[in-house]
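In this note's numbering, the protein residues as written are 1 to 156. Written out below as structure tokens is the structure these notes cover.
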């Protein structure tokens with residue numbers, strides 16, 4: 001198992017399409033990218049901020065998922081998905097009941113991450129776990145932690 005704590009990394013945000021397509025990988029992210037290339041199953045854990053992932057995490061993904069890592073672009077046609085054969089689990093904590101996020105908001109932040117980043121690069125299956133921490137007592141939280149341990153042992 002390898003772990004990347006995005007909040008502890010120092011890297012610039014991408015500002016142009018040219019930076020995304022041809023810019024150099026920031027030195028502070030080279031090791032993180034190597035770790036992600038190594039892994040066959042990814043676990044993404046983050047708190048819900050304004051309906052989606054925190055901006056720093058999105059900036060990290062934009063840096064990592066550049067051409068040549070997630071996809072190989074051709075002059076015409078659909079890009080080749082370079083991350084096929086990998087799987088992922090997305091774990092999101094939030095200050096509202098998970099059912100409300102799914103039902104009222106359509107879990108749009110998680111759906112966008114799954115569809116426009118992970119599945120577009122060939123990752124499947126993608127599973128998710130959403131936890132409304134504010135409304136859970138200690139017993140329920142302990143049950144969630146045990147569920148996460150079981151999922152980790154199974155590799156999903």
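Yeah, the Cβ is synthetic: ideal placement off N, Cα and C, and Gly gets one too.
Check                                                                                                       : Outcome
DSSP state of residue 52 mapped onto helix, strand, coil                                                    : strand
Buried or exposed by the 16-neighbour rule on C-beta atoms within 10 Å, applied to residue 1                : exposed
Residue 136 versus residue 125: straight-line alpha-carbon distance, rounded                                : 28 Å
Three or more C-beta pairs below 8 Å linking the segment 96–114 and the segment 71–86                       : no
Length of the line joining the Cα atoms of residue 89 and residue 42                                        : 6 Å
Three-state class that DSSP yields for residue 20 in the structure shown                                    : helix
Residue 86 and residue 20 closer than 7 Å at C-beta                                                         : no
Where residue 46 sits in the DSSP three-state scheme                                                        : strand
Start-end ranges of the beta strand (DSSP E) lying completely within the segment 45–109, minimum 3 residues : 87–94
Cβ-based neighbour list, residue 154, same chain, cut-off 8 Å, excluding 5 preceding and 5 following        : none
Cβ distance (whole Å) where residue 57 is taken to contact residue 91 below 8 Å                             : Not really, about 12 Å apart at Cβ, beyond 8 Å.
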